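**Q** Going by our numbering, the first residue of the sequence shown is number 11, and it counts up by one from there.
Glycine included, every Cβ here is placed at the ideal spot set by N, Cα and C.
Values in this document were obtained by computation on a predicted structure and should not be read as measured data.
Quick one: structure below, then a few questions.
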Amino acid sequence: MSLSVALAVKAEVLKLLMQAGADVLDNDATNSTDLEVLKTMAASEHWLIPSGEVTFQKCLSTTIKSAVYVANWRGLKVVAKTVKDIKSSGLNIREQDSSTEAIARHELMHEMRTLSTLRHPDLVLFLGASLDKTTFFLTEYMEGGDVENYMRNQRKKSGRDDFKPSFNVCLSWCTAMARALSFLHGCARPIIHRDLKPLNLLLTKDLTLKVTDFGLSKIMRPRLLDPYLRDLTPAPNMSGGVGTYRYMAPEVVRYEQYTDKIDIYAMALIMYYIASGKMPYFDYRGNDPEEVLKAYLRGEEPRPTMSSSIGTAELRQIMQDAWAVKASERPSAQDCVERLEKIPRAKSRMFGLF
Numbered sequence: 011m012s013l014s015v016a017l018a019v020k021a022e023v024l025k026l027l028m029q030a031g032a033d034v035l036d037n038d039a040t041n042s043t044d045l046e047v048l049k050t051m052a053a054s055e056h057w058l059i060p061s062g063e064v065t066f067q068k069c070l071s072t073t074i075k076s077a078v079y080v081a082n083w084r085g086l087k088v089v090a091k092t093v094k095d096i097k098s099s100g101l102n103i104r105e106q107d108s109s110t111e112a113i114a115r116h117e118l119m120h121e122m123r124t125l126s127t128l129r130h131p132d133l134v135l136f137l138g139a140s141l142d143k144t145t146f147f148l149t150e151y152m153e154g155g156d157v158e159n160y161m162r163n164q165r166k167k168s169g170r171d172d173f174k175p176s177f178n179v180c181l182s183w184c185t186a187m188a189r190a191l192s193f194l195h196g197c198a199r200p201i202i203h204r205d206l207k208p209l210n211l212l213l214t215k216d217l218t219l220k221v222t223d224f225g226l227s228k229i230m231r232p233r234l235l236d237p238y239l240r241d242l243t244p245a246p247n248m249s250g251g252v253g254t255y256r257y258m259a260p261e262v263v264r265y266e267q268y269t270d271k272i273d274i275y276a277m278a279l280i281m282y283y284i285a286s287g288k289m290p291y292f293d294y295r296g297n298d299p300e301e302v303l304k305a306y307l308r309g310e311e312p313r314p315t316m317s318s319s320i321g322t323a324e325l326r327q328i329m330q331d332a333w334a335v336k337a338s339e340r341p342s343a344q345d346c347v348e349r350l351e352k353i354p355r356a357k358s359r360m361f362g363l364f
């Protein structure tokens, strides 16, 4: 059997294992053989893109591990995400830098594989990937940017530190976020995002919200009993320490086993941010997210300051239920969708600035 045929067979076997619920997606895909298998899968599913078809343009953002660019692909304006090249950054290369790059490459591969299997109107659309010497993947270009920077820019324009969108826009964003989580948590192999935050919520030109960034996501085993079971059975290796401080659930901070309800907790804090125009815990010990983490570790349960000026009573109740101390008492994403859709939309601009 030739190597190409063997790789094709292996790719097909992996797909069948994935459909049956095997944990193959969590394997390290950075060695050359697995990279070739991934290329074969990409080619068979028609999302493999030759790197020569893509021109990188403006850099949108960088982190310690990745870089995101505006790019051109066959005349289409897209977004390209790739591993940050530490060697060409001008920094002194240390062993930890090399380790960071390896982790970043693994996360990029994981995100690529996850996104390639997902299609939903409330998720940023995956377009394809290049697995040549320069590894990257493409998604649709979201002209409105991310929610955090959008809110920051609007605060500057309006001259108000507590800028918040209109009530109808607020509800639209909250509902889109909940729908996205309902889809992810309801997959045959449920997906926990694990890094939900305003920076990972992108906007179209007309302010439609979509969820992005699955680098830290966790693909769970299939539901063990009833396929409609609301709570996931925690996997033994579901340890804490992921996500962004301000939006991290207490059980993650404490390195306890957790379920999809950590996404619900993060969503509640984001809903608060959108509806109030203020960061969660803005008035807690100097607005320092690490102070909130320390409180969690002491067994305390601080929550954002609630007031009657934040949305409506129904919206406030959803937030409070979603950040319940006991994860099992938090509503499911689908419960949140149904409750949000029942809230009457405003007939005038009585809430917010647009």
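Out of M51, L118, H130 and E150, which has the shortest C-alpha to C-alpha gap to G85?
**A** Locating residue 85 in the sequence shown gives position 75, where the first residue counts as 1. Looking from the CA of G85, the closest CA among M51, L118, H130 and E150 belongs to E150.
**Q** Find the nearest neighbour of R323 within the set V93, I353 and R308, judged by alpha-carbon distance.
**A** Reading the sequence shown from its first residue, position 313 is the one you call residue 323. First, the residue type needs correcting, since residue 323 is Ala and not Arg in the sequence shown. Checking every option, the nearest Cα to that of A323 belongs to I353.
**Q** Would you kindly work out how many angstroms separate the C-alpha atoms of M161 and Y268, rounded to a whole number?
**A** Taking the sequence shown and counting its residues from 1, the one referred to as residue 161 is at position 151. Taking the sequence shown and counting its residues from 1, the one referred to as residue 268 is at position 258. Straight-line Cα distance between these residues: approximately 31 angstroms.
**Q** Could you compute how far the alpha carbon of T222 sits from the alpha carbon of R295?
**A** Locating residue 222 in the sequence shown gives position 212, counting from the first residue. Locating residue 295 in the sequence shown gives position 285, counting from the first residue. Between T222 and R295, the C-alpha separation is close to 31 angstroms.
**Q** When DSSP builds the beta bridges, which residues end up paired with F146?
**A** The count along the sequence shown starts at 1 and reaches residue 146 at position 136. BP columns for F146 point to T92 and S140.
**Q** Going along the chain, which unbroken runs of the beta strand (DSSP E) with 3 or more residues stay wholly within the stretch 127-213?
**A** Here the runs fully enclosed are 136-141, 145-150 and 211-213.
**Q** Which residues does DSSP pair with T65 in a beta bridge?
**A** Taking the sequence shown and counting its residues from 1, one reaches residue 65 at position 55. T65 pairs with N82.
**Q** Helix, strand or coil for T218? Go by DSSP, reduced to three states.
**A** Along the sequence shown, one-based indexing puts residue 218 at 208. Here T218 sits in coil by DSSP.
**Q** Let me make sure I understand the geometry here. Which of P314, R123, E339 and A259 has the alpha-carbon closest to that of L303?
**A** On the sequence shown, residue 303 is found 293 positions in, with the first residue counted as 1. The candidate whose alpha carbon is nearest that of L303 is A259.
**Q** Per DSSP, what kind of secondary structure is A259 in: helix, strand or coil?
**A** In the sequence shown, residue 259 corresponds to position 249, counting from 1. Reduced to three states, the DSSP call for A259 is coil.
**Q** In angstroms with no decimal places, state the Cα-to-Cα distance between E121 and L148.
**A** Here residue 121 refers to the residue found at position 111 when the sequence shown is read from its first residue. Here residue 148 refers to the residue found at position 138 when the sequence shown is read from its first residue. Cα to Cα, the separation comes out at about 11 angstroms.
**Q** Using the beta-carbon count (16 or more within 10 Å), is A112 buried or exposed?
**A** Numbered from its first residue, the sequence shown carries residue 112 at position 102. Label assigned to A112: exposed.
**Q** Could you say which of D132, S126 and T218 lies nearest to L48 if we only look at CA atoms?
**A** Residue mapping note: residue 48 aligns to position 38 of the sequence shown, counting from 1. Ranking D132, S126 and T218 by Cα distance to L48 puts S126 first.
**Q** Excluding sequence positions up to five away, which residues of its chain have a Cβ less than 6 angstroms from the Cβ of M329?
**A** As a first step, residue 329 must be located in the sequence shown, where it is residue number 319. Contacts found: A278, M281 and Y282.
**Q** Taking the beta carbon of V157 as the centre, do at least 16 other beta carbons fall within 10 Å, making it buried, or is it exposed?
**A** Taking the sequence shown and counting its residues from 1, one reaches residue 157 at position 147. Per the 10 Å Cβ criterion, buried.
**Q** Rank M289, T92 and R115 by C-alpha distance to the C-alpha of T315 and give the top, closest one.
**A** Indexing the sequence shown from 1 puts residue 315 at position 305. Comparing Cα-Cα distances from T315 to each of M289, T92 and R115, the minimum goes to M289.
**Q** If distances are taken between C-alpha atoms only, which option among F146, K174 and T145 comes closest to N159?
**A** The sequence position of residue 159 within the sequence shown is 149, counting from 1. Of the candidates F146, K174 and T145, the one whose C-alpha sits nearest the C-alpha of N159 is K174.
**Q** Which word fits H56, buried or exposed, when buried means at least 16 other C-beta atoms lie within 10 angstroms of its C-beta?
**A** As a working note, residue 56 is residue 46 in the sequence shown. The residue in question, H56, is exposed, as its Cβ has fewer than 16 Cβ neighbours within 10 Å.
**Q** Would the beta-carbon of A77 be found less than 6 angstroms away from any heavy atom of the ligand SAH?
**A** Within the structure as shown, the ligand SAH is missing, as the structure has no ligands at all.
**Q** Just verifying my parser: in three-state terms, what is the DSSP assignment at I59?
**A** Residue 59 sits at position 49 when you count from the first residue of the sequence shown. If DSSP states are grouped into helix, strand and coil, I59 belongs with coil.
**Q** Suppose you measure from the CA of V335 to the CA of K271; what does that come to, to the nearest Å?
**A** As a first step, residue 335 is located in the sequence shown; it is residue number 325 there, counting from the start. As a first step, residue 271 is located in the sequence shown; it is residue number 261 there, counting from the start. Rounded to whole angstroms, V335 to K271 spans 11 angstroms at the Cα level.
**Q** According to DSSP, simplified to helix, strand and coil, what is L70?
**A** Position 60 of the sequence shown, counted from the first residue, corresponds to residue 70. In the three-state DSSP reduction, L70 falls in the strand class (E or B).
**Q** Relative to the alpha-carbon of S191, which residue among S61, A52, E339 and A332 has its alpha-carbon at the smallest distance?
**A** Mapped onto the sequence shown, residue 191 falls at position 181. The question names Ser, yet the displayed sequence has Leu at residue 191. Measuring from the Cα of L191, the nearest candidate turns out to be A332.
**Q** In whole angstroms, give me the CA-to-CA distance for D36 and I201.
**A** The count along the sequence shown starts at 1 and reaches residue 36 at position 26. The count along the sequence shown starts at 1 and reaches residue 201 at position 191. At D36, the pLDDT of 48 sits below 50, so the modelled position is not reliable; the number obtained from the coordinates is stated separately. If you take the alpha carbons of D36 and I201, they lie about 12 angstroms apart.
**Q** Taking A188 as the reference, which of R349, G155 and L213 has the closest Cα?
**A** Taking the first residue of the sequence shown as 1, we reach residue 188 at position 178. For A188, the nearest C-alpha among the options comes from R349.
**Q** Near L118, which residues of its chain fall below 6 angstroms by C-beta distance, leaving aside the five closest residues on each side in sequence?
**A** Working through the sequence shown from its first residue, we reach residue 118 at position 108. Same-chain partners within the cutoff: V93.
**Q** Hey, quick one: how far does the alpha helix (DSSP H) through A276 stretch, first residue to last?
**A** To locate residue 276, count along the sequence shown from 1; it is residue 266. Taken as a continuous stretch (DSSP letters only), the alpha helix (DSSP H) holding A276 covers K271 to S286.
**Q** Quick check on K428: does DSSP put it in helix, strand or coil?
**A** The structure shown has nothing for residue 428, since the chain only spans 11 to 364.
**Q** Is the CB-CB distance between I59 and S140 below 7 angstroms?
**A** Along the sequence shown, one-based indexing puts residue 59 at 49. Along the sequence shown, one-based indexing puts residue 140 at 130. Less than 7 angstroms divides the Cβ of I59 from the Cβ of S140.
**Q** Starting from the C-beta of S61, find all residues in its chain whose C-beta is less than 6 angstroms away, skip the five residues before and the five after it, and write them out in chain order.
**A** Position 51 of the sequence shown, counted from the first residue, corresponds to residue 61. S140, D142 and T144, listed in sequence order.
**Q** According to DSSP, which residues form a beta bridge with S76?
**A** Here residue 76 is taken as the residue at index 66 of the sequence shown, counted from 1. Answer is V93.
**Q** Can you tell me whether I353 is helix, strand or coil according to DSSP?
**A** Here residue 353 refers to the residue found at position 343 when the sequence shown is read from its first residue. Note: I353 maps to coil in three-state DSSP.
**Q** In this structure, how does DSSP classify K87 when only helix, strand and coil are distinguished?
**A** The sequence position of residue 87 within the sequence shown is 77, counting from 1. Strand.
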